[in-house]
Amino acid sequence: MTRAGTRLLVAGVGNIFLADDAFGPEVIRALDRRPLPPAVRVRDFGIRGMDLAYELLDGYDTAVLVDAAARGHRPGTLSLIEPDAPGPATGLAPPEAHGMDPARVLALASHLGDEPLPRVLVLACEPEVRPRGDEDILPGLSAPVRDAVERAVAALHTMVPVLLADPAATPPLSRPDESAGLPPAGLPLPVGDGAEDR
1 MTRAGTRLLV AGVGNIFLAD DAFGPEVIRA LDRRPLPPAV RVRDFGIRGM
51 DLAYELLDGY DTAVLVDAAA RGHRPGTLSL IEPDAPGPAT GLAPPEAHGM
101 DPARVLALAS HLGDEPLPRV LVLACEPEVR PRGDEDILPG LSAPVRDAVE
151 RAVAALHTMV PVLLADPAAT PPLSRPDESA GLPPAGLPLP VGDGAEDR
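All residue numbers for the sequence shown refer to full-length UniProt numbering, where the first residue is 1 and numbers rise by one.
The structure is reproduced here in structure tokens:
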């Protein structure tokens, strides 16, 4: 049951031209075929970090970012991460025009708004193919990440009703074995000291 007035954002982030970094946008495209409830705003932000920062200030209770993130698991593994809220911004650099650094986006949104940010969760997929610095275009998802797209859609269909009913709840993944009991790995969102797989 949806709590009256609950607002939820599901945001795909990533570069469609950089291999498995396109995971977030691909999940948002797949949601066109299996839409989430009308109370949920679903949007592909790609690499538009400034747009996402302003969207986070629009009165949402919870935002779920869908992204590829290297955490030391096998490729295609889904993890649910809750990064710490950003601290006071000092010497804040804005998001790059053609890049998406979620930590920087959260810090900017925190700096821009007077109200607290929504609760932020990251539905992350372990990439297999990560472009090197000298590669400009590397289209197409690797097989394990491509397979994870539909699992992520199923996970969102499981998580969203829980979050609409209670934005503070800890929603399960559709296959809890994908992140339960895995050791912590390098956090792609350096917004705090702690993050955890859910």
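Don't be surprised by glycine CBs; every beta carbon is placed ideally from N, CA and C.
Restricted to the region 13–79, the beta strand (DSSP E) segments that are unbroken, complete and at least 3 residues in length are 40–46, 62–68, listed in chain order.
When C-beta atoms of the region 117–124 are compared with those of the region 55–69, three or more pairs fall below 8 Å, so the two segments count as touching.
DSSP places residue 168 in no beta strand (DSSP E); its state is neither H nor E. Counting along the chain, residue 173 sits inside no beta strand (DSSP E), nor does DSSP assign it H or E at all. Within the same chain, and ignoring the five residues on either side of residue 44 in sequence, the residues whose Cβ sits closer than 6 Å to its Cβ are 12, 25, 28.
By the Cβ-count criterion, residue 137 is exposed, with fewer than 16 other Cβ atoms from all chains shown falling within 10 Å of its own Cβ.
The beta-carbon separation of residue 60 and residue 9, rounded to 5 Å, stays under the 8 Å limit for a contact. For residue 115, the number of other beta carbons within 10 angstroms of its own is below 16, and it is reported as exposed. Rounded to whole angstroms, the gap between the alpha carbons of residue 83 and residue 142 is 26 Å.
Selection 144, 56, 154, 18 evaluated against residue 77 yields 144 as nearest (Cα-Cα). An exposed status is given to residue 162, since fewer than 16 other beta-carbon atoms sit within 10 Å of its beta-carbon. The continuous beta strand (DSSP E) containing residue 119 extends over residues 119–125.
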